[in-house]
Amino acid sequence: MLFLLLSITNKRYALSAEHIIEVIPNILEANTTSPKTPEYFAGRINYYGSLLPVADICQMHAGIPCVNKISTRIILIRHRNSDGQETTIGLLAEKVTETVKVGKKEKNITHADSGKSFLQVGIDGKSSKIEIFDLSVMLPSNFEVFCKK
Amino acid sequence: MLNFIHNFSVKMRLAGFITLLLALLFYTGFTGLQGTLSSNQTLSMVYDHHVIPLSELRNLEGLIHTGIVQPVDRLLFEQITWEECQQRVEKSRSYITKSWEIFSEKISHDQDIPNDPEAIRILDETKKIIEQTENVLGTLTLIMQSRKTEQLDSYSDSSLYPLAERYSEISDQISSLILNEIKQKYDLSQENYNHTKSNFIWTLAVSVVLSLILSFILVRSINTPLQKIAAAMRHLIEGDLSERLSYEWQDEFGVLINGFNQMIQYLDELISEIEKSGIQVTSSVTQIAATIKEQEATVNEQAATSNEIAASTTQIAATGNNLMATMSKVATMTTNTAVAAAESHHRLTKINDIMANMEKATGSIVAGLSILTEKAAGITGVTQTINKIADQTNLLSLNAAIEAEKAGEYGAGFSVVSSEIRRLADQTAAATYDIENMAGEVQAAIARGVMSIENFSEDVRKSVAEIQLSSRQIVEVMDKVQSLTGPIESLNEGISAQTLGAEQISESINQLNEAAQQSAESVSQTSSTIFRLNKAALILQDGVARFKLISDIQSGNGHK
C-alpha cells in the first residue's frame, strides 16, 4: 500500500493513496474566504472546470493556518458523505513531497484505547511511528455542510 | 734663747748676726791697725830723728875730709891750683853749713835729748866744733886769698887737721848715742808689739768662738724649718699630698710653711681636678676617635662620591662631545631632510595624481560590482525557476506514484520510475538550494565589497585631502628645516660650551677629590694625633695616680 506523507505543524501523518485523486500546488489566492464558513475553509479552486472547496487541516487540527511554502500543497480526495454521495474536496497540508510504500501486513498497528492507527516506517534512514490520517476520524462530522457550500 | 730668736724675722736675725760679725771684724782690724800705726810711728820717728841726723853727721865728716882737707893737701902738694882749691873749699863750706842746719833741725825734734845730759853735752860740743870750723874755714879762706903756701901749711897742721880728727871723734860719739837711742826705741817697740799681738789673738779667738756659737744658733733656727719643709717636699715628690706642716712661730718660715700648706692644698685640688679631667679627656678622646673614624669613613665616601661625580662628569663631557658630533650629523641630516622633503613634496604630488586615478578606478569597480549583483540576482531567479521545476517534478512523481498504485500490478514499474524521478527532483531541489545559498552569499559578499570599496573610496578621498594637506605641511617643513640650521648651530655652540663646562667641572671635581684626599690624610693625621692624645691622657692618669690625695685617704677610711 502507498501512503502520502504530510505534516500538520510539526507532526507527520500518512494518508492512504486510495482516497487521493491528485496532488496539486497551492493555487489558492489570498483572502478568498467567505463569510459564514468555518475557520479551516481556505477557499475554492477551479479544477478542470468544477469549483472545489479546500480545507486547511492545520487550521482544523492545530488552530494555525498552513505556512505558504512550495511544499505546502493541496491534496484532492474523494470524500463519501453520510448520505452516500461522493464529493471531491481539497485538503491543504504542509510538506507534501513524499510517498511511502508499505506491505499490507505492516498496516494498522492500532492502539485500541485511542482508536488511532500507526505505521512503522523508515524515513530518512531511521525507523519511526507515523499516525495514519484516517479521513473518517480526522475530518469533522459537519464536514458535509462545509462540502455542500 | 731659741724661742727668743724665733720671734725675730730671719732677715733681722741675719742682719744682727752680720752686724755682730762686722763689729768683731772692725774691732779686730782696728786693734791690728793700731799696733801697725804705733810701730810705723816709731819707725818714722827713728828714721827722722835718728837716722837722718846720723847720715848728716857722716856727711859733715866726709865733707870736712874730702871737701876741705883733701883739696888743701893737694894744693900743698901742688896738684891743683889755688883757684881750684878755693872753689872746692867754698863749695864744701856751703854744703857744711846746709848739712848742719838740717842736722840741728832734725836733732831738735828729738824729745829724748833734753832728758839725756850726755846728749846735751855732745850736742854742745858739736856746736862748738861747728863754730870752730867756721872760724878755721874763714881763716883758711883768707890764707888762700893771700896765696901763702907756708902759712897755709902751718895753719893746716895747727888747726885744720886737729879739727878733722875732733870731728871724727864727735861723730863717733853722736853715732853711738843715736844708736843707743835707736836700741831703746826698738825695745820699747818690741814690748808694745808683744802686747798688741796677744791682745789681737785674744780678740780673734773670742770673735771666732762667738761667731761659731751665733752661727750654730742661726743655722739651727733656719735649718730646722727647712728640714721640715724638705721632708714634706720629699713626701710631695713621692706623691703624698696628704701631709700638712705645723709651725708655731710668725717668721718667714711660718709664712713659707703656710704657703706650702696652701700650695699642697691647691695641688691636691688641682690633681684631683686633673684626675677627673684626665678621665673626661680619655672619654672625650674615645668619642673624638669614634667621630674621627666616622668622619674618615664619610670622607672616604665623599671621595668615592666625588670619584663617581668625576666619572659622571667625564661621561657628560664625552656625551657632550658625542652630542656635538650628533648635532653636526643632525645639521647634515637637516640639510638632507630639506632635500628629502622637497623630493617628498614632488612624490606626494605624484601620489595625489595616482590617488585621483584610484578614485576613478574605485568608481569603475563599484560599477562592476553592481553588475555582479544584478547577475547574482539573475542566478537567484534562475534557481527559483529550477526550484519550481523541481517542485513540479516532485509533484508529478507524487501523482505518478499515486496513479501507479491505482494501476495495481501493472503500475509497479512506473512506480519505480516515479520514485527515481522524485529522487532526481529532490537532488535538484537540494542543488538549487545550495546554489541559492551560494548566490545569496555572493550577493552578501558583493554588498560587503561594495561597502568596503565605498569606504575605500571615501578613505582615498580623505587620503587625497590629507596628502594635499601633507604636501602643504611638507612645504612648511621645508621652510622650517631651512630656518632650523641657525638654531642648530647655536645649539652646537651651546653644547660645546657645556662640554667645556663639564670638563671644568671635572677638573674642579678632581681638585675637590684631591682636597678630600688631603682631608682624609689630615683626618688620619688627626686620628694619630688623637691616639697620641689618648696615650698622653693615659700617661696623665698614670702620673696623677702616683699622687696620694686627701680625698683618697678619706674615701679609703670610708671604705674601711
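Those sequence lines, one after another, are chains A and B. The opening residue of the first sequence carries number 35 in my numbering; numbering runs sequentially from there. The opening residue of the second sequence carries number 246 in my numbering; numbering runs sequentially from there. Think of the CB as a built atom: it goes at the ideal place given N, C-alpha and C, for glycine as much as any other residue.
Residues bridged to residue i [DSSP beta-bridge criterion]
i, result
"A127 of chain A", "A:R107"
"H113 of chain A", "A:T121"
"P87 of chain A", "A:R78"
"T133 of chain A", "A:L38"
"A48 of chain A", "A:L39 and A:I166"
"K707 of chain B", "Answer by DSSP bridge pairing: none, since K707 of chain B is not bridged."
"D485 of chain B", "B:K793"
"L153 of chain A", "A:I164"
"V57 of chain A", "A:I109"
Test item: CB-CB of residue i and residue j under 7 Å
i, j, result
"S660 of chain B", "A649 of chain B", "yes"
"S589 of chain B", "I719 of chain B", "yes"
"I104 of chain A", "I647 of chain B", "no"
"Q727 of chain B", "A576 of chain B", "no"
"L49 of chain A", "F167 of chain A", "yes"
"N304 of chain B", "S344 of chain B", "yes"
"I784 of chain B", "V530 of chain B", "no"
"E520 of chain B", "V255 of chain B", "no"
"A670 of chain B", "N632 of chain B", "no"
"T753 of chain B", "S517 of chain B", "Looking at the sequence itself, residue 753 of chain B is Ser, so the reference to Thr does not match. Against a cut-off of 7 Å, the Cβ pair of S517 of chain B and S753 of chain B comes out as no contact."
"L110 of chain A", "E52 of chain A", "no"
"T276 of chain B", "N439 of chain B", "no"
"A585 of chain B", "V722 of chain B", "no"
"S403 of chain B", "L299 of chain B", "no"
"T673 of chain B", "A645 of chain B", "no"
"K163 of chain A", "Q154 of chain A", "yes"
"T527 of chain B", "A782 of chain B", "yes"
"R107 of chain A", "P59 of chain A", "yes"
"W327 of chain B", "R411 of chain B", "no"
"S452 of chain B", "T273 of chain B", "yes"
"P362 of chain B", "V334 of chain B", "no"
"T558 of chain B", "A747 of chain B", "yes"
"F792 of chain B", "G484 of chain B", "yes"
"L490 of chain B", "I502 of chain B", "yes"
"T579 of chain B", "L714 of chain B", "no"
"I750 of chain B", "L568 of chain B", "no"
"M290 of chain B", "Q331 of chain B", "no"
"N468 of chain B", "S283 of chain B", "no"
"I427 of chain B", "T371 of chain B", "no"
"T625 of chain B", "A675 of chain B", "no"
"V768 of chain B", "E539 of chain B", "no"
"L86 of chain A", "G124 of chain A", "yes"
Proximal residues of chain B, C-beta to C-beta of residue i below 7 Å
i, result
"A51 of chain A", "I647 and E650"
"T133 of chain A", "L643 and A646"
Partner residues on chain A for residue i, Cβ-Cβ distance less than 8 Å
i, result
"N632 of chain B", "I104"
Under 7 Å by beta carbon: chain A residues contacting residue i
i, result
"N639 of chain B", "T131"
"D679 of chain B", "Near D679 of chain B there are no residues of chain A at all, since even the closest Cβ is about 16 Å away, more than 7 Å."
Cutoff 7 Å: residue i Cβ touching any chain E Cβ
i, result
"D636 of chain B", "Note that chain E does not occur in the displayed structure, where the protein chains are A and B."
query = Listed in chain order, which residues of the stretch 102 to 117 of chain A have Cβ atoms closer than 9 Å to some Cβ of chain B?
reply = Per Cβ criterion, the list reads I104, S105 and R107.
task = Could you please tell me which residues of the stretch 36 to 60 of chain A, in chain order, have their CB closer than 9 Å to any CB of chain B?
result = For the stretch 36 to 60 of chain A, the set of residues with a beta-carbon nearer than 9 Å to any beta-carbon of chain B comprises L36, L38, A51, E52, I54, I55, E56, V57, I58 and P59, in chain order.
request  = For the stretch 382 to 410 of chain B, list the alpha helix (DSSP H) runs that are entirely contained and at least 4 residues long, ordered along the chain.
outcome  = When DSSP assignments are scanned along the stretch 382 to 410 of chain B, the uninterrupted stretches of alpha helix (DSSP H) that are 4 or more residues long and fall wholly within it turn out to be 394 to 400.
query = Going along the chain, which unbroken runs of the alpha helix (DSSP H) with 4 or more residues stay wholly within the stretch 530 to 601 of chain B?
reply = Taken in chain order, no unbroken stretch of alpha helix (DSSP H) lies wholly in the stretch 530 to 601 of chain B with a span of 4 residues or more.
request  = Closer than 8 Å, Cβ to Cβ, to anything on chain A: give me those residues from the stretch 586 to 610 of chain B, in chain order.
outcome  = Hits within the stretch: zero.
task = Let me know the alpha helix (DSSP H) ranges lying completely inside the stretch 633 to 666 of chain B, each 4 residues or longer, listed in chain order.
result = Residue ranges of uninterrupted alpha helix (DSSP H) with 4 or more members are absent from the stretch 633 to 666 of chain B; none lies entirely inside it.
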